[in-house]
């Protein structure tokens, strides 16, 4: 079980090598994420994409072989690398919606280990936990994982929660979006409802080939 979610890190994606607008016509972008590919393709249909594998350091080493690569800001920062050293453009969630729970860490333990669960509560950051739980509920309702062209981002908004979510065609030709505000306690239920809306009412099932 998830016993704790520490305070969440940077949720944003970043471009190494260029800005979105600065990429040349037909520019070559590398990313291992279909979510990133779909959203970038919706902004720049002319771009050409290649896969990108390996750990974070290996991916950064490969950056010179492309016009740009797309990575998670938190992954770079956790290597102790300043975003100012490598990143050319930080993509705000309004431009590229993050992956579910991006920037977050979770700590798991056995359900029956009550003593450890109580100790780990000291590491839990309640606002981050609420946001991550809502996003994960959205993804679970989709029946998906990180291999789907979907994204979700929840943030505490006053005394409630705001959730933005999307389901996209893999090639970025269609991007379906939903945004809702709810009570914090209703975050998971709202995440599930958004998934059902995007799949059943907005046409997301067809985009995902279901």
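Residue numbers (UniProt numbering): 1 to 210. Where is the CB? At the ideal position from N, CA and C, for every residue including glycine. It should be emphasised that the depicted structure is a prediction, and the values quoted were computed from it without experimental measurement.
Could you give the first and the last residue of the continuous beta strand (DSSP E) run that contains residue i?
{"i": "residue 71", "result": "68-72"}
{"i": "residue 178", "result": "175-183"}
{"i": "residue 63", "result": "That residue, residue 63, is in no beta strand (DSSP E); it is neither H nor E in DSSP."}
{"i": "residue 161", "result": "160-168"}
{"i": "residue 4", "result": "2-4"}
{"i": "residue 151", "result": "150-157"}
{"i": "residue 101", "result": "It is not in any beta strand (DSSP E) - residue 101 carries neither H nor E in the DSSP assignment."}
{"i": "residue 29", "result": "28-30"}
{"i": "residue 94", "result": "Looking at the DSSP string, residue 94 is not in any beta strand (DSSP E), and its letter there is neither H nor E."}
{"i": "residue 298", "result": "No answer is possible for residue 298: the residues shown for the chain start at 1 and end at 210."}
{"i": "residue 48", "result": "48-50"}
Report the rounded CA-to-CA distance for residue i versus residue j, giving the unit in angstroms.
{"i": "residue 60", "j": "residue 71", "result": "9 Å"}
{"i": "residue 127", "j": "residue 203", "result": "32 Å"}
{"i": "residue 31", "j": "residue 42", "result": "15 Å"}
{"i": "residue 110", "j": "residue 67", "result": "45 Å"}
{"i": "residue 154", "j": "residue 39", "result": "18 Å"}
{"i": "residue 51", "j": "residue 78", "result": "22 Å"}
{"i": "residue 298", "j": "residue 5", "result": "There is no way to answer for residue 298, as the model of the chain reaches only from 1 to 210."}
{"i": "residue 208", "j": "residue 118", "result": "40 Å"}
{"i": "residue 169", "j": "residue 53", "result": "22 Å"}
{"i": "residue 69", "j": "residue 138", "result": "27 Å"}
{"i": "residue 130", "j": "residue 192", "result": "14 Å"}
{"i": "residue 116", "j": "residue 44", "result": "48 Å"}
{"i": "residue 2", "j": "residue 25", "result": "45 Å"}
{"i": "residue 188", "j": "residue 141", "result": "10 Å"}
Identify the continuous alpha helix (DSSP H) that holds residue i and give its terminal residues.
{"i": "residue 132", "result": "126-142"}
{"i": "residue 85", "result": "83-86"}
{"i": "residue 120", "result": "114-120"}
{"i": "residue 207", "result": "204-207"}
{"i": "residue 40", "result": "34-43"}
{"i": "residue 172", "result": "Unbroken run through residue 172: none, as it is neither H nor E."}
Should residue i be labelled buried (16 or more other beta-carbon atoms within 10 Å of its own) or exposed?
{"i": "residue 96", "result": "buried"}
{"i": "residue 27", "result": "buried"}
{"i": "residue 206", "result": "exposed"}
{"i": "residue 210", "result": "exposed"}
{"i": "residue 151", "result": "buried"}
{"i": "residue 92", "result": "exposed"}
{"i": "residue 212", "result": "Not covered by the structure: residue 212. The range shown for the chain is 1 to 210."}
{"i": "residue 172", "result": "buried"}
{"i": "residue 195", "result": "buried"}
{"i": "residue 89", "result": "buried"}
{"i": "residue 48", "result": "exposed"}
{"i": "residue 211", "result": "A query on residue 211 cannot be resolved here, the shown segment of the chain reaching from 1 to 210 and no further."}
{"i": "residue 82", "result": "exposed"}
Quick one: is residue i near chain D, going by C-beta distance under 8 Å?
{"i": "residue 154", "result": "Protein chains in the displayed structure number just one, and chain D is not present."}
Next on the checklist: Would you call the stretch 175-183 in contact with the stretch 118-125, where contact means no fewer than 3 C-beta pairs closer than 8 Å?
Outcome noted: no
Checklist entry - Per the contact definition of three or more C-beta pairs closer than 8 Å, is the stretch 100-107 in contact with the stretch 3-11? => result The stretch 3-11 vs the stretch 100-107: in contact.
Checklist entry - Should the stretch 162-175 be called in touch with the stretch 125-145, which here means at least 3 C-beta pairs below 8 Å? => result yes
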